[in-house]
Amino acid sequence: MYRYLAVLCCVWSFAVFAGHHENDMHVMNGWVKEPLPGVDATAVYLSMHNPRHEADRLVSVSTDLAKVSEIHEMLMVDNVMKMRRLDSGIVIAPDQLVRLEPGGLHIMLFDLNKSFKVGETYTVVLDFERAGKMRVPVTVKAAGGADHHHH
Ligand SMILES: [Cu+2]
64 MYRYLAVLCC VWSFAVFAGH HENDMHVMNG WVKEPLPGVD ATAVYLSMHN
114 PRHEADRLVS VSTDLAKVSE IHEMLMVDNV MKMRRLDSGI VIAPDQLVRL
164 EPGGLHIMLF DLNKSFKVGE TYTVVLDFER AGKMRVPVTV KAAGGADHHH
214 H
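Residue 106 in the working numbering sits at position 43 of the sequence shown, and the numbers go up by one each step.
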C-alpha cells in the first residue's frame with residue numbers, strides 16, 4: 064500500500080513540475096494574502112525546492128502588483144514578533160525545500176497597484192542567482208484567521 068502511494072506521489076510531482084526544466088528551481092503553492100482594509104501592503108507566500116547539486120539564492124522579486132517588493136523574515140525578538148528585510152535574499156541549499164509562510168519568511172508588497180480579488184491568480188517574478196528569472200502564479204486568499212501580520 065505504501066509503495067503504491069509513493070508511486071502516485073511521484074506521478075503527481077512530475078505533473079506539477081513538468082512545465083519546468085529539469086534543473087530549474089521548483090516553485091509551488093504561491094499565494095498572496097488579501098490586503099486588510101485600509102492597509103496598503105500584503106505578503107506573498109510560496110515554497111521553493113532546489114533540485115540542483117549547487118546552492119541557489121532568491122535575489123529579488125518583482126511584480127506589477129506593487130511598487131515595492133521585498134524579501135522579509137519574521138522573528139521573535141524579546142517576545143515581540145518583528146520583521147526585517149533580507150538584503151542578501153534567501154539561500155536554498157541543494158535539495159532543500161524552503162517554505163515562505165505566515166509567521167516566517169515572506170515576500171512583502173508595499174504600495175499596491177491594484178485591488179486584490181480573492182480567488183484570482185496574479186504573477187510575481189522571482190529572480191534567482193543560478194536559475195534566473197521565473198514567473199510564478201500567486202492566488203489571492205482571504206485575510207483573517209489566526210495569522211496577524213503587523214506593520
Ligand atoms: Cu514583512
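Note that CB positions come from ideal geometry on N, CA and C, so glycine has one too. These figures come from a predicted structure and were not determined experimentally.
P200 is bridged by DSSP to T186. Taking C-beta separations shorter than 6 Å and ignoring five residues to either side along the sequence, the partners of E97 in its chain run F179, V181, V203, A205 and A206, following chain order.
P157 sits away from R193, with the two beta carbons spaced by 8 Å or more.
Rounded to whole angstroms, the separation of the alpha carbons of H89 and E117 is 14 Å. With respect to the C-alpha of L172, the residue from V201, V140 and D87 having the closest C-alpha is V201. Ranked by Cα distance from L128, the first of L168, L163 and T105 is T105.
Taking C-beta atoms as the reference points, N92 and Q159 fail to come closer than 8 Å.
For the 8 Å CB-CB criterion, V124 and Y185 do not form a contact.
The C-alpha of M197 is placed about 8 Å away from the C-alpha of V187.
A direct Cα-to-Cα measurement between M111 and V154 gives close to 10 Å.
Distance from L121 to G166 at the Cβ level is roughly 19 Å; contact not present, criterion being Cβ atoms closer than 8 Å. In terms of side-chain proximity, the C-beta atom of A206 is found no nearer than 7 Å to any non-hydrogen atom of ligand 1. If you draw a straight line from the Cα of R162 to the Cα of G101, it is about 28 Å long.
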